[in-house]
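The structure appears below as structure tokens.
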Amino acid sequence: MPFNATGAAELVYESENLGNVMTPWELREHLNFLVAEAAPVPQLAAIQPLFARFSATWLGLWAQHGVREAGWPAYRAALDSFNAEMQRLGEGMLLRNGMRFLGAFRAMIVQAALTDQRNGGLVVKGDYDPDAFATPSTSGSKTGQSMPPMGGVAKSFDRPVVVLSPPRSGSTLLFETLARARNVFTVGDESHVQIEGMPELHPAARNFESNALGADQATVAVVAQLHARFAASLRDREGAPPTRWPVRFLEKTPKNALRIPFLRKVFPDAHFVYLYRDPREVLSSMIEAWNSGKFRTYPKLPGWSGPAWSLLLVPDWQKLIGKALHEIVAGQWQTTTQILLDDLADLPADRVHRIDYDALLSNPDREMHRICAQVGFEWDQALDGGLPQSKHTHSAPAAEKWRRHEAEIDSVWQALAPLAARAEAAFR
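The numbers in the working numbering rise by one with no breaks, and the one at position 240 of the sequence shown is 411.
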């Protein structure tokens with residue numbers, strides 16, 4: 172959203188991240204992306220009307236069934252038929268960045284449009300394409316090439332930068348600002364679709380234990396497929412896909428605070444930016460997020476009896492059943508922060524970088540020059556006029572705004588104070 176000096180812009184929020192059935196509108200966007208990014212070939216003349224028909228079919232099924240489980244067999248039949256036709260038509264096609272068309276199609280549509288397996292039985296079908304990043308034999312494979320090289324993540328991504336913090340800490344503002352650096356590519360937003368769109372990485376595969384992912388879940392196949400899903404969506408600050416590889420990649424998803432061991436294996440040379448914000452401000456913003464209904468992630472969380480679950484799903488969330496909202500939020504923050512700080516402490520010191528939310532607001536130009544110099548981003552912007560509100564801002568920032576919930580926060584603060592002090596002192 173462009174900066175509006177009047178502050179009158181209306182913000183639009185997501186209310187859910189990923190469900191069992193992809194919405195027709197998201198499906199249409201993915202299909203349009205694939206057509207737009209396909210290298211020109213004669214097959215496109217047949218693929219475009221096929222995409223249009225399938226999009227209409229999915230919309231009709233959505234109108235009839237929505238996300239109800241009773242409709243999943245119909246969705247599955249339509250998707251399998253569509254996939255079979257695409258395997259015939261898409262053979263040998265490439266995207267403009269050199270990625271195989273069917274590799275992107277499988278990652279973005281086949282494995283993300285429907286997750287209809289039962290809890291505990293989710294598996295990835297055998298449709299991972301190990302040649303998704305194969306270089307055509309006529310072009311050769313060299314560093315700085317115009318397509319992702321063979322050989323995996325390490326040769327396609329150069330020192331990825333992952334922003335980490337508890338939810339509602341201002342990470343979207345930091346992400347949107349860092350994404351303005353000249354040499355940076357992102358997927359445009361949080362990576363729920365890229366990560367949880369893989370059935371084995373969705374919390375349903377682990378009976379909704381949490382959003383945490385460990386190093387053991389970063390198998391060779393998972394890393395390669397996740398690499399493909401990220402690469403298919405990369406855009407720079409101008410909205411252009413990569414033309415040279417490897418790329419500098421910026422990632423921000425609050426759930427990643429629970430996934431550091433996983434991310435270290437997915438991106439072995441990654442750097443991590445720890446964003447610190449006064450925990451009282453974070454707790455207040457988390458309470459507002461739950462109350463707004465605009466940050467629901469698992470509205471039908473099995474076994475949960477409270478308000479529709481919002482924000483990230485922490486380990487041992489069952490202990491929060493029956494608690495008041497401010498206690499639920501305190502539990503989320505405490506668990507997330509404990510895991511985040513413990514896992515960051517295991518990293519080499521030169522791979523962890525800290526930025527303070529208040530410093531970012533008070534002197535964004537200085538902080539961007541500082542943090543970009545540390546992680547190797549090319550910062551060429553002027554921020555003398557300050558920063559606009561991020562797209563996930565729920566209410567306008569204000570000094571001492573957290574005091575709207577002061578009584579609730581005070582009631583849990585004694586239990587949180589030691590961890591809050593640790594968070595404030597960490598990685599200075």
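In this text, a Cβ means the ideal position worked out from N, Cα and C, and glycines have one as well.
Its chain contains Ala-350, Arg-351, Ala-352, Arg-353 and Val-355 as the residues whose beta carbon lies nearer than 8 Å to that of Arg-408, once the 5 sequence neighbours on both sides are disregarded; these appear in chain order. Residue environment analysis places Ile-492 among the exposed positions, since fewer than 16 neighbouring C-beta atoms fall within 10 angstroms of its C-beta. Counting only the Cα atoms, Arg-430 lies some 22 Å from Tyr-528.
Boundaries around Ile-218 are those of the alpha helix (DSSP H), 215-236, since no beta strand (DSSP E) includes it. Rounded to whole angstroms, Asn-191 and Ser-252 show a C-alpha spacing of 19 Å. Between Ala-275 and Ala-403 the beta-carbon gap is near 4 Å, inside 8 Å, which marks them as a contact. In this structure, Pro-331 sits near Leu-421, with a CB-CB distance shorter than 9 Å. Ranking Ser-336, His-201, Phe-466 and Trp-196 by CA distance to the CA of Gly-237 puts Trp-196 first. Residue state for Glu-422 is assigned as strand, using DSSP reduced to three classes.
For Phe-598, the secondary structure class from DSSP, reduced to helix, strand or coil, is coil. Taking all protein chains in view, the Cβ of Ser-342 is crowded by 16 or more other Cβ atoms within 10 Å, so the residue is classified as buried.
Rounded to whole angstroms, the separation of the alpha carbons of Arg-467 and Glu-361 is 14 Å.
Under DSSP, Ile-526 takes part in a beta bridge, and its partners are Leu-446. Per DSSP, reduced to three states, the secondary structure at Phe-438 is coil, with no helix or strand assignment. When the five nearest sequence neighbours on each side are left out, the beta carbons in the same chain lying within less than 6 Å of the beta carbon of Arg-525 are those of Tyr-445 and Phe-598, in order along the chain. Using a Cβ distance threshold of 9 Å, Ile-280 and His-201 count as a contacting pair. Counting only the Cα atoms, Val-212 lies some 28 Å from Met-193. Phe-401 has its alpha-carbon roughly 23 Å from the corresponding atom of Ser-226. Per the C-alpha coordinates, the member of Gln-489, Gln-505 and Glu-538 positioned closest to Gln-552 is Glu-538. Counting C-beta pairs with one atom in each stretch, the region 470-478 and the region 489-504 have three or more that are closer than 8 Å, which means they touch.
Using a 10 angstroms sphere on the CB of Ser-533, the tally of other CB atoms stays under 16, which defines it as exposed. Taking a 10 Å sphere around the C-beta of Gly-359, we find fewer than 16 other C-beta atoms and assign the residue as exposed. The shortest CA-to-CA distance from Pro-450 to any of Ala-249, His-576 and Val-437 is the one to His-576. The beta carbon of Thr-424 lies closer than 8 Å to those of Glu-361, Ser-362, His-363 and Ile-366 in the same chain, with the five residues before and after it left out.
According to DSSP, residue pairing for Leu-484 in a beta bridge does not occur. Exposure of Thr-390 is indicated by the presence of fewer than 16 other C-beta atoms within 10 angstroms of its C-beta.
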